[in-house]
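Numbering (the working numbering), first residue to last: 2 to 267. Each residue gets a CB set at the ideal place from its N, CA and C atoms; glycine is no exception. Here the structure is a predicted model, which is why all the values come from computation and not from measurement. Here the structure is laid out as structure tokens; the discussion comes afterwards.
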Amino acid sequence: MINDKSFRLDGKVALVTGASYGIGFAIASAYGNVGAKIVFNDRNPELIEKGVAAYKELGIEAHGYICDVTDEEAVQKFVAQVEKEVGVIDILVNNAGIIKRIPMLEMSAADFRQVIDVDLNGPFIMSKAVLPGMIKKGHGKIINICSMMSELGRETVSAYAAAKGGLKMLTRNICAEFGAANIQCNGIGPGYIATPQTAPLREKQPDGSRHPFDEFICSRTPAGRWLQAEELTGPAVFLASDASDAVNGHILYVDGGILAYIGKQP
2 MINDKSFRLD
12 GKVALVTGAS
22 YGIGFAIASA
32 YGNVGAKIVF
42 NDRNPELIEK
52 GVAAYKELGI
62 EAHGYICDVT
72 DEEAVQKFVA
82 QVEKEVGVID
92 ILVNNAGIIK
102 RIPMLEMSAA
112 DFRQVIDVDL
122 NGPFIMSKAV
132 LPGMIKKGHG
142 KIINICSMMS
152 ELGRETVSAY
162 AAAKGGLKML
172 TRNICAEFGA
182 ANIQCNGIGP
192 GYIATPQTAP
202 LREKQPDGSR
212 HPFDEFICSR
222 TPAGRWLQAE
232 ELTGPAVFLA
242 SDASDAVNGH
252 ILYVDGGILA
262 YIGKQP
């Protein structure tokens with residue numbers, strides 16, 4: 002039976018990678034507000050400090066750790082430390098990621114590998130590290146932050162699209178391999194989110210007109226606007242909660258309808 006408690010995360014340990022700010026911060030804050038113990042990581046010590054302070058302002062106690070998700074040995078030590086100091090991880094959100102907007106013919110193999118390493122190998126390494134604890138506990142939730150580029154291609158993002166397409170299939174394979182252990186692995190595919198990183202794409206031009214990319218995104222989104230990071234939190238809480246125990250291997254696109262829409266006729 003579904004009730005209000007089905008969506009609570011009281012006492013559960015939620016690790017959200019790269020959650021010092023942005024989408025990860027919004028998701029982790031939502032988890033904290035429904036009772037979870039929050040853990041996050043970053044490679045930058047200053048961002049760890051700022052993140053902890055930002056959570057504290059919201060009345061959330063968060064545990065920040067320095068860790069690079071692409072370093073398998075460091076991740077194993079990180080997870081072991083979290084299990085010792087906070088508890089065995091119940092919820093993992095693979096949020097840390099990068100993008101390099103470079104035309105394919107101009108992109109080096111090194112740049113391509115770096116994007117794949119962070120956006121695809123990182124979630125594999127993190128999931129591999131937390132799965133033994135989840136199996137032992139008898140339950141677990143892994144949520145991969147996918148992308149519309151898990152389904153679509155676009156100029157200049159060949160590495161990102163390849164990584165996010167691979168992450169979609171990693172999500173489904175974790176479901177297939179660990180579903181019998183009562184572990185659910187799903188993905189969230191955000192649309193275009195209004196964050197500080199995308200602010201330059203939404204600024205008015207010197208002549209007062211909209212940025213071409215801003216106009217493009219709003220014209221392709223049935224909602225007619227950029228989305229807010231907080232609009233991802235409801236789906237994220239659902240997929241982390243007992244209410245989603247029968248949902249596995251699914252990618253939930255929170256995109257304002259872009260993937261369902263061909264765009265307005267000229």
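Which whole-angstrom value is the C-beta distance of residue i and residue j, which I expect to be below 8 angstroms?
| i | j | result |
| --- | --- | --- |
| L93 | S148 | Not quite, the Cβ-Cβ distance comes to about 18 angstroms (not below 8 angstroms), so this is no contact. |
| V80 | G98 | Not a contact, Cβ separation roughly 19 angstroms. |
| I117 | T157 | With 8 angstroms as the limit, I117 and T157 do not qualify as a contact, their Cβ atoms being about 16 angstroms apart. |
| I67 | R44 | 7 angstroms |
List the DSSP bridge partners of residue i.
| i | result |
| --- | --- |
| K38 | V14 |
| H64 | V40 |
| V94 | V17 and I144 |
| N187 | I144 |
| L228 | I194 |
| I252 | G188 |
What do you get for residue i, buried or exposed, if any count of 16 or more other CB atoms within 10 angstroms of its CB means buried?
| i | result |
| --- | --- |
| A164 | buried |
| D215 | buried |
| N174 | exposed |
| K205 | exposed |
| A29 | buried |
Hey, would you say residue i sits closer than 8 angstroms to residue j, going by beta carbons?
| i | j | result |
| --- | --- | --- |
| A15 | A37 | yes |
| E232 | V255 | yes |
| N183 | G139 | yes |
| L168 | N145 | yes |
| Y262 | P213 | no |
| F41 | V17 | yes |
| V248 | A31 | no |
| G154 | G257 | no |
| I189 | L240 | yes |
| F8 | S242 | yes |
| L171 | L121 | yes |
Taking C-alpha atoms, which residue in the options lies nearest to residue i?
| i | options | result |
| --- | --- | --- |
| G123 | D91, A244 and Q77 | Q77 |
| K51 | G65, G60, T222 and I103 | G65 |
| V35 | E73, G258, L59 and L106 | L59 |
| L253 | S109, A29, M105 and S151 | S151 |
| D72 | T196, Q115 and L106 | Q115 |
| A110 | A160, L228 and N45 | A160 |
| Q266 | I259, G250 and R221 | R221 |
| V87 | S245, A27 and G12 | G12 |
| Q82 | Y22, G25, G134 and I61 | G134 |
| G33 | Y56, I49 and G23 | Y56 |
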